[in-house]
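To start, the structure itself, in structure tokens.
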């Protein structure tokens with residue numbers, strides 16, 4: 331049976347959210363409070379949506395004139411948390427997502443039904459799929475700026491001077507096949523179609 335979150339519990343969820351998924355946040359919160367009824371990822375999603383919309387963890391009045399609530403203690407606690415870990419408390423960024431065509435939902439449903447049927451026929455079906463990805467690594471220690479955020483009331487002028495023009499980099503390709511790690515394989519330059527086929531033929535499936 332679900333239990334209504336207190337104001338302090340809502341603030342706690344907001345502070346531990348960061349950029350983690352709602353399922354991870356819910357699991358973290360439930361681990362911290364093993365004696366209370368667990369919350370679901372849907373509860374986290376609704377709470378964070380309310381905070382983004384209203385700027386408050388409090389429930390809006392059900393009727394009548396809206397009240398303005400100011401809690402100085404809470405405000406100080408939030409600002410103190412940001413000051414202590416400015417890279418962990420993040421603002422929101424615009425995300426560019428793939429455009430969906432009109433028939434894409436039907437295609438996804440068809441794929442889900444096909445995959446379900448394959449698993450029913452062969453429970454080890456997913457163990458026969460090679461999942462792979464690649465990433466570029468710069469030899470001078472340059473980092474991916476998309477993985478770093480800094481929260482501050484003023485511009486911290488947070489810079490990393492490691493980026494240089496023409497920095498040497500190496501591409502690393504790795505895969506997972508069942509319970510086996512395939513690779514990693516190190517590639518000079520970009521991985522194009524012909525190079526990818528050669529990688530599969532010579533190294534992955536020799």
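Residue numbers (the numbering used here): 331 to 536. Cβ coordinates follow ideal geometry from the N, Cα and C atoms, glycine included. Just so we're clear, the structure is a prediction, and the values are computed from it rather than from any experiment.
Reference residue i; option with closest CA among the options
i           : options            : result
residue 334 : 368, 357, 353      : 368
residue 504 : 356, 522, 529      : 529
residue 371 : 526, 432, 355      : 355
residue 515 : 497, 466, 498      : 466
residue 361 : 343, 376, 375, 532 : 343
residue 463 : 432, 449, 517, 497 : 517
residue 377 : 340, 359, 357, 432 : 340
Boundaries of the beta strand (DSSP E) in which residue i is found, first to last residue
i           : result
residue 358 : Residue 358 -> not in any beta strand (DSSP E); alpha helix (DSSP H) instead, spanning 352 to 362.
residue 326 : For residue 326 there is no data in the structure shown, the boundaries of the chain being 331 and 536.
residue 455 : Per DSSP, residue 455 belongs to no beta strand (DSSP E) and is neither H nor E.
residue 499 : 499 to 507
CA-to-CA distance, residue j to residue i, given in whole angstroms
i           : j           : result
residue 444 : residue 469 : 43 Å
residue 456 : residue 508 : 7 Å
residue 380 : residue 338 : 15 Å
residue 436 : residue 453 : 25 Å
residue 352 : residue 534 : 36 Å
residue 434 : residue 441 : 10 Å
residue 336 : residue 364 : 16 Å
residue 439 : residue 446 : 10 Å
residue 398 : residue 427 : Reliability of the predicted coordinates at residue 398 is poor, the pLDDT of 49 falling under 50, and the value obtained from them is presented with this limitation in mind. Cα-Cα distance, rounded: 36 Å.
residue 373 : residue 429 : 28 Å
residue 448 : residue 531 : 26 Å
8 Å Cβ cutoff met for residue i and residue j
i           : j           : result
residue 521 : residue 501 : yes
residue 511 : residue 461 : no
Residue i: CB within 7 Å of a non-hydrogen atom of the ligand FMN
i           : result
residue 531 : Among the components modelled here there is no ligand, and therefore nothing to report on the ligand FMN.
Where the alpha helix (DSSP H) through residue i begins and ends
i           : result
residue 449 : 434 to 451
residue 528 : 523 to 529
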